[in-house]
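Data block below; observations after.
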Amino acid sequence: MSTIQTSLPPGAAIGEPSAWTRLKTNRNVIALWFMLPAAAFLILFLAYPLGLGVWMSFTDEKIGRAGVFVGVENYEWLWDDSIFWLSVFNTLLYTIVASAIKFAIGLYLALLLNRHMPFKAMIRAIVLIPFIVPTVLSAIAFWWIYDAQFSIISWSLIKLGLITQNINFLGDTSWARASVIIANIWRGVPFVAITLLAGLQTVSPSLYEAATLDGATSWQRFRFITYPLLTPIIAVVMTFSVLFTFTDFQLIWALTRGGPVNATHLMATLSYQRGIISGRLGEGAAIATAMIPFLMAAIAISWFGMQRRKWQQGSDQ
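Note that the numbering used here has the sequence shown beginning at 60, numbered continuously upward.
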């Protein structure tokens, strides 16, 4: 009886899967295939416009006319532009104050809604309303609330005898800054509150029960249980909050268009005014590109916050 011999490639063992089979069953490769559509979307609608904007900032391009490369001329001009530096100050003030207050109020609401209380589901839905209402509608509502003649705030304060004349909320530089910050806080608090509430519900109640049995106070339970476990979520939530606030455009443009006397101009609104309305695309792109270092700093904070998850999961790395 003759035996049938099969030829195998050199170095291959009987029963060992081929390289293509291993490639098809590799979880990393499968994950890469699933990520490709999202990656293509991000490259097409985020990376490409970003790269184009950065390139445009080094040109003197204007609407209706192709630009030529001018190097850092746009940035040199911005360095000596007092309005640009005012917009940087306004943006940082707007972002820092609004984000800090949104975090404080949002954390308080999250702790409150995490308790057992009647109509909790309905209250959560009501809390979300400012966030789901379109930004322009919110701006129009605040525009009426801040109206120099018909403001409900001024009318109420006059009736209470606290003031004698209407407050020009959007016509005075200090009042205008405070007014847009309050409007942003009202709109952004629900996002912070609901996200932190979701994080609070992942904390095991047994930890609080054990701490209570040990005699821990409410503040000690928050300080040593709630806050450490919420730290990674706080880092991510506040990063998104800072990004949304720093790049805010619709609310400011609908309320003040950067006025009065550029007192509420943010970098985003100034970029739009210079690039689109004035037609100087290169200059507007330079202002927008100048926002990137601030946004990268916020992303870095988020990354370091995510590293805390290794401690939360018991890893030493």
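All residues carry an ideal CB built from backbone N, CA and C; glycine is no exception.
How long is the line joining the alpha carbons of residue 159 and residue 316, rounded to whole angstroms? 24 Å
With DSSP run on the structure shown, which of helix, strand or coil describes residue 261? coil
Give, in chain order, every unbroken run of the beta strand (DSSP E) that is at least 3 residues long and sits entirely within the segment 212 to 292. Segments of the beta strand (DSSP E) lying fully in the segment 212 to 292: there are none.
Assuming contact is defined by CB atoms lying nearer than 8 Å, are residue 309 and residue 198 in contact in what I supplied? yes
Same chain only: Cβ atoms within 6 Å of residue 248, ignoring 5 sequence neighbours per side: 161, 164 and 165
When you compare each of 257, 288, 169 and 251 to residue 267 by their alpha carbons, which one comes out closest? 288
Within-8 Å CB hit, residue 335 to chain D: Although the question refers to chain D, the structure presented lacks it and comprises just one protein chain.
Measure the C-alpha to C-alpha separation of residue 118 and residue 311 and round it to an integer number of angstroms. 28 Å
Using a Cβ-Cβ cut-off of 6 Å (strictly less than) and excluding sequence neighbours within five positions of residue 136, which residues of its own chain qualify? none
Within a Cβ cutoff of 7 Å, which residues of the same chain sit near residue 346, ignoring the five residues on either side of it in sequence? 137, 143, 326, 329, 330 and 333
For residue 201 and residue 314, the rounded distance between their alpha carbons: 8 Å
Delimiting residues of the alpha helix (DSSP H) encompassing residue 149: 141 to 172
Using CA coordinates, which residue listed in 361, 337 and 213 is at the minimum distance from residue 224? 213
Roughly how many angstroms lie between the CA atoms of residue 270 and residue 349, to the nearest whole one? 48 Å
Cα-Cα separation between residue 254 and residue 344, rounded to whole angstroms: 33 Å
Could you round the C-beta distance between residue 341 and residue 116 to whole angstroms and report it? I think they count as a contact, below 8 Å. 6 Å
Candidates 91, 321 and 246: closest to residue 192 by CA position: 246
Identify whether residue 118 lies in helix, strand or coil by the three-state DSSP scheme. strand
Range covered by the alpha helix (DSSP H) that runs through residue 343: 340 to 348
Among residues of its own chain, excluding the 5 on either side of residue 204, which ones have a beta-carbon nearer than 7 Å to its beta-carbon? 210, 211 and 212
Residue 134 - containing alpha helix (DSSP H), residue span: 132 to 138
With DSSP as the reference, label residue 178 as helix, strand or coil. Here residue 178 carries a coil assignment [DSSP, helix/strand/coil].
Validate contact between the segment 147 to 159 and the segment 236 to 243 using beta carbons, cut 8 Å, 3 pairs: The segment 147 to 159 is in contact with the segment 236 to 243.
If you drop the 5 nearest sequence neighbours on each side, which residues of the same chain put their C-beta closer than 8 Å to that of residue 260? 173
Are the beta-carbon atoms belonging to residue 285 and residue 262 less than 8 Å from one another? yes
When the Cα atoms are used, what is the spatial distance from residue 196 to residue 242? In this structure, the straight-line span from the alpha carbon of residue 196 to that of residue 242 is close to 12 Å.
Could you spell out where the alpha helix (DSSP H) holding residue 315 opens and where it closes? Premise fails: residue 315 is in no alpha helix (DSSP H) and is neither H nor E.
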